[in-house]
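Participant: These protein sequence lines are chains Z and U, in that order.
Using full-length UniProt numbering, you'd call the opening residue of the first sequence number 1 and step up by one each time.
Using full-length UniProt numbering, you'd call the opening residue of the second sequence number 1 and step up by one each time.
Ideal Cβ positions, reconstructed from N, Cα and C, are used throughout, including at glycine.
2 protein chains.
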Amino acid sequence: MSAAEGRPLRADAARNRARLLDVATEVFTTRGVGVPTEEIARTAGVGVGTLFRHFPTKEALLEAVMVRRLEEIAAQTARLAAETKPSQALFACFQLIVEQSAGKNEFVQALATAGVDAHAALQDSTEMIQGQLAALLGQAQRSGAVRTDFGLPELLALLAGTSTTMEHLEANPEARQRIFNVVFDGLRPH
Amino acid sequence: MSAAEGRPLRADAARNRARLLDVATEVFTTRGVGVPTEEIARTAGVGVGTLFRHFPTKEALLEAVMVRRLEEIAAQTARLAAETKPSQALFACFQLIVEQSAGKNEFVQALATAGVDAHAALQDSTEMIQGQLAALLGQAQRSGAVRTDFGLPELLALLAGTSTTMEHLEANPEARQRIFNVVFDGLRPH
DNA sequence: GACGATACGGACTGGCCGCTCCGCTTGTCT
DNA sequence: AGACAAGCGGAGCGGCCAGTCCGTATCGTC
């Protein structure tokens with residue numbers, strides 16, 4: 001549905017599709033999924049008909065938004081994991097994911113509950129991210145940087161929760177950093 | 001609106017009001033606030049007219065539910081704070097609040113964002129709980145049990161976040177306890 | 001038991017929103 | 001330039017849901 005295209009889109013259609021995705025991302029992120037489709041279409045400068053031709057359902061639009069976000073996160077996570085030295089990579093990725101999903105922990109929630117009810121389109125990216133996190137967690141535990149009474153499910157749940165925590169401290173970067181300190185200190189062996 | 005009653009309710013009216021509150025609590029907690037009022041009324045064995053006579057608005061019903069929950073939590077917190085030895089009281093209250101708001105972190109969210117947009121009716125209980133937590137936090141920090149680079153706003157946000165974390169580990173008590181361990185270890189001085 | 005006050009029920013209304021449909025426009029290819 | 005496919009817009013439909021209204025039933029009192 002996202003990659004394998006039967007026939008290339010006409011230029012204006014491609015432009016509209018991209019604008020819709022951008023607007024939807026912005027709107028869903030800042031104001032939640034309750035925003036009427038009509039408003040998204042208008043903001044993107046198209047009619048509702050156009051929106052529903054590209055995304056047959058409001059849910060499909062949301063899904064497309066999430067897929068893009070998740071793919072970005074997966075890519076950044078991979079890069080970070082490669083560039084950072086192993087002992088810190090897990091924490092760096094953790095922080096990146098939480099901050100990337102600012103104001104939008106429906107994303108992380110989708111990540112944490114992946115597979116349970118998520119649509120197939122989301123599985124690829126979520127599984128990729130989860131795989132990377134699992135690997136990083138294992139490394140970090142073996143190197144003694146992270147406590148061993150802690151698994152992937154806990155890590156994913158903690159990711160979602162920390163994202164919620166941050167939503168309450170949006171306007172306060174120092175407090176946000178203090179939260180990360182608490183969580184990371186808590187994750188180290190005791 | 002909740003306490004000062006002009007005239008005592010008729011017996012059936014009081015019964016219906018109580019049933020509505022119970023059903024609404026259950027339904028909002030397990031299935032979110034999107035559930036139609038009509039269903040709540042029917043489950044409580046009354047018509048919608050009755051529901052709206054007791055609670056002029058769906059929002060008013062939600063508010064009444066939250067007030068009751070918050071008052072319960074405030075009472076339990078106070079008791080716990082009195083019975084537990086100071087060095088552990090903060091952690092005990094933290095855990096109690098998170099577990100009491102199981103599946104319903106709209107409650108804790110209301111707590112954390114209190115005053116900002118919350119209705120006046122909620123302020124009393126939220127302020128009471130926040131006051132208790134602030135006192136416990138101060139004690140705990142002075143006694144050296146909790147790191148000092150951590151304030152009440154951070155604590156409230158962390159409460160909301162931990163509640164979200166727990167929602168992802170509902171069926172897994174051991175994992176839940178491990179999360180508490182991480183958070184509490186992180187809260188101790190480093 | 002009878003009478004007024006109080007409360008009840010549920011059909012109904014108004015507004016919102018996701019989605020469809022089709023006459024019109026615009027891009028593309030020759 | 002012409003012609004055809006591809007895409008567009010937005011009025012309108014249907015369903016859902018919060019909240020109203022009033023004829024009817026129930027409670028409390030004497």
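1) Taking any Cβ of chain U, which residues in the region 150-161 of chain Z have a Cβ under 9 Å from it, in chain order?
2) Ordered along the chain, which non-local residues of its own chain (more than five positions away) have a Cβ less than 8 Å from that of U/Ala3?
3) Please report the Cβ distance between U/Gln132 and U/Ala81, rounded to the nearest whole angstrom; I am assuming they are in contact, meaning their Cβ atoms lie under 8 Å.
4) What's the C-alpha gap between Z/Pro56 and U/Ala160?
5) If you reduce the DSSP assignment to three classes, tell me which class U/Val35 lands in.
6) How would you label U/Gln177, buried or exposed, when you count the other beta carbons within 10 angstroms and need 16 or more for buried?
7) Around the C-beta of Z/Leu51, are 16 or more other C-beta atoms found within 10 angstroms, so that it is buried, or is it exposed?
8) Less than 8 Å between CB atoms is the rule here; does residue 192 of chain U satisfy it with respect to chain Z?
9) Under the rule that 16 or more other beta-carbon atoms within 10 Å means buried, what is Z/Arg69, buried or exposed?
10) Which stretch, first to last residue, makes up the alpha helix (DSSP H) that contains Z/Glu170?
11) Could you list which residues in chain U have their beta carbon closer than 8 Å to that of Z/Gly186, in chain order?
12) Nearest-angstrom Cα distance between U/Arg147 and U/Glu63?
13) Three or more beta-carbon pairs under 8 Å between the region 73-92 of chain U and the region 36-55 of chain U, yes or no?
14) For Z/Leu169, which residues in chain U fall below 8 Å Cβ to Cβ?
15) Starting from the beta carbon of Z/Thr165, find every residue of chain U whose beta carbon is closer than 7 Å, and list them in chain order.
Facilitator: From the atom records:
1) Phe150, Gly151, Pro153, Glu154, Leu156, Ala157, Leu158, Leu159, Ala160, Gly161
2) The residue labelled residue 3 of chain U in the question sits at position 3 within the second sequence. Legend: pLDDT at U/Ala3 = 41, less than 50; position of this residue unreliable, no value from coordinates given.
3) Numbered from 1 along the second sequence, position 132 holds the residue referred to as residue 132 of chain U. Numbered from 1 along the second sequence, position 81 holds the residue referred to as residue 81 of chain U. Between U/Ala81 and U/Gln132 the Cβ distance is about 6 Å, and since that is below 8 Å, they are a contact.
4) Counting from 1 along the first sequence, the entry for residue 56 of chain Z is found at position 56. Counting from 1 along the second sequence, the entry for residue 160 of chain U is found at position 160. Taking the straight line joining both Cα atoms gives about 36 Å.
5) Residue 35 of chain U sits at position 35 when you count from the first residue of the second sequence. It is coil, neither helix nor strand.
6) In the second sequence, counting from the first residue as 1, residue 177 of chain U sits at position 177. Answer is exposed; the Cβ neighbour count stays below 16.
7) Along the first sequence, read from residue 1 onward, the residue named residue 51 of chain Z stands at position 51. Looking at its Cβ environment, which holds 16 or more other Cβ atoms inside 10 Å, Z/Leu51 is buried.
8) Because chain U is modelled from 1 through 190, residue 192 of chain U falls outside the range shown and cannot be assessed.
9) For the purposes of this step, residue 69 of chain Z is taken as the residue at position 69 of the first sequence. Buried: at least 16 other Cβ atoms inside 10 Å.
10) Here residue 170 of chain Z is taken as the residue at index 170 of the first sequence, counted from 1. Neither: Z/Glu170 is in no alpha helix (DSSP H) and is coded neither H nor E.
11) To locate residue 186 of chain Z, count along the first sequence from 1; it is residue 186. Simply Asn181, Val182, Val183, Phe184, Asp185, Gly186, Leu187.
12) In the second sequence, the residue the question calls residue 147 of chain U occupies position 147. In the second sequence, the residue the question calls residue 63 of chain U occupies position 63. Cα-Cα distance, rounded: 35 Å.
13) no
14) What you label residue 169 of chain Z is simply residue 169 of the first sequence in a count that begins at 1. The answer, in chain order, is Pro153, Glu154, Ala157.
15) As a working mapping, residue 165 of chain Z is identified with position 165 in the first sequence. Those within 7 Å of Z/Thr165 in chain U are Ala157, Leu158, Ala160, Gly161.
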